[in-house]
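Peer 1:
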Ligand SMILES: Cc1cc2nc3c(=O)[nH]c(=O)nc-3n(C[C@H](O)[C@H](O)[C@H](O)COP(=O)(O)O)c2cc1C
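In this note's numbering, the protein residues as written are 701 to 1051.
(1) For residue 1043, which residues does DSSP report across the bridge?
(2) For the 8 Å Cβ check, are there 3 or more pairs between the region 767-778 and the region 791-808?
(3) Between which two residues does the beta strand (DSSP E) holding residue 769 run?
(4) How many whole angstroms separate the CB atoms of residue 938 and residue 971, which I take to be in contact at a CB cut-off of 8 Å?
(5) When you compare only the Cα positions, how much space is there between residue 789 and residue 855?
(6) Is there contact between the region 703-723 and the region 864-875, where contact requires at least three CB pairs shorter than 8 Å?
(7) At what residues does the alpha helix (DSSP H) containing residue 842 begin and finish?
(8) With a 10 Å radius around its C-beta and 16 neighbouring C-beta atoms as the bar for buried, classify residue 838 as buried or exposed.
(9) Would you kindly report the start and end of the unbroken alpha helix (DSSP H) that includes residue 931?
(10) Is any heavy atom of ligand 1 found at a distance shorter than 7 Å from the C-beta of residue 1111?
(11) Whose CA, out of 738, 1017, 787 and 975, lies closest to the CA of residue 877?
(12) DSSP on residue 1023, reduced to helix/strand/coil?
(13) Run the proximity test for residue 767: is its beta-carbon closer than 7 Å to any non-hydrogen atom belonging to ligand 1?
(14) Would you kindly work out how many angstroms separate the C-alpha atoms of residue 848 and residue 752, rounded to a whole number?
(15) For residue 974, which three-state DSSP category applies?
(16) Near residue 796, which residues of its chain fall below 7 Å by C-beta distance, leaving aside the five closest residues on each side in sequence?
(17) Identify the continuous alpha helix (DSSP H) that holds residue 949 and give its terminal residues.
(18) Along the chain, where does the beta strand (DSSP E) containing residue 775 start, and where does it finish?
(19) Is it the case that the Cβ atoms of residue 985 and residue 967 are separated by a distance below 8 Å?
(20) With 16 other CB atoms within 10 Å as the buried threshold, where does residue 842 fall?
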């Protein structure tokens, strides 16, 4: 099977190979799944506007992310339960991403200890949610800093966890996963501590609090509006990450492909802008770059590839790299910067 076909068939393969509760947990969106379903087609509704007669013998798809080069313009978004998808979980991902000289964002809910991940040599950032009592977040953040995270990603789209309906009355993922692989970087008893529920009062001041607590640049993930992006940057965010959490939070939230260009325009170069949501091909990645993203991230595509362990993740990253390179050449772009603006101006019609 060609690598392109394999990549396109990853979700179906995961559906066959994962237990239904695990597959459903990964694949589903919140509520009616409207936002989750719209993500992929929103990228496809943009048209690329290529240049021709340009020498594309040498093409560089590396990007600079928070001052450091990464070899590819797509990284791994933070996702929980990687060890439920494959026993090697985050370690398999870290090894493959390290070999590809990419960037891995590690969920605060990860099932592998930060120090173990860092030992692979991968470049990684830690993602966090903040609890009502901010001080309870400090031990996990300090562990991440000690293990060498080089940025902290604050997820701001989750004051409450979006409701996801199980497919039927059968078991849900929490009934079938080993509790040993859940949230291993938290202090024992964290969930029972008063004030550990997710903060309902997140604000701009939390960005400065996180920056001073960790000493790391803060990336604000889950922004969909230009005014919120400006608020985050004014408050000191080093980057804004356009995301609707893979459609797992507010259903009917707008697609990231629809709002990306407006957020980039509002930020006006004062900070980097990243994006995720429904990206599964090199053409999707290049469309996001053309709309002004400095970097892109994949969530489910990574999890579906992880079904095959580290070789699966390596194959996914290699194929996505090849597709991205091809798309750049076909666009007449010799590097990521030259993709900017290569989109037709018609607004996308789907969500
Ligand atoms: C199974 C699963 C778990 C996730 N866990 C987290 C998480 O712990 N923290 C977070 O900020 N986002 C989380 N996300 C959202 C991803 O970081 C990302 O925004 C989203 O998956 C991108 O969309 P895509 O899956 O279509 O690529 C999760 C997504 C999935 C599918």
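Ideal Cβ placement from N, Cα and C applies to all residues, glycine included.
Peer 2: Short version:
(1) The partner list for residue 1043 (beta bridge, DSSP) reads 748.
(2) The region 767-778 makes contact with the region 791-808: 3 or more CB pairs, one atom from each, lie closer than 8 Å.
(3) Element bounds for residue 769: 768-770.
(4) Their Cβ separation, rounded to whole angstroms, is 6 Å, which keeps residue 938 and residue 971 in contact under 8 Å.
(5) So the alpha carbons of these two residues sit roughly 22 Å apart.
(6) Segments in contact, yes.
(7) Residue 842 -> alpha helix (DSSP H) spans 838-846.
(8) That one is exposed.
(9) Looking at the DSSP string, the run of the alpha helix (DSSP H) that includes residue 931 is 926-934.
(10) The question about residue 1111 has no answer here: the residues shown for the chain are numbered 701 through 1051.
(11) Closest in C-alpha terms to residue 877, from the list 738, 1017, 787 and 975, comes 787.
(12) Helix at residue 1023.
(13) No, ligand 1 has no heavy atom inside 7 Å of this Cβ.
(14) Those two C-alpha atoms are separated by around 43 Å.
(15) Assignment of residue 974 by DSSP, reduced to helix, strand and coil, places it in the strand class.
(16) For residue 796, where only same-chain residues beyond five positions count, the Cβ hits under 7 Å are 1010, 1013, 1014 and 1017.
(17) For residue 949, there is no enclosing alpha helix (DSSP H), as DSSP marks it with neither H nor E.
(18) Per DSSP, residue 775 belongs to the beta strand (DSSP E) from 774-776.
(19) Taking C-beta atoms as the reference points, residue 985 and residue 967 fail to come closer than 8 Å.
(20) So residue 842 ends up on the exposed side.
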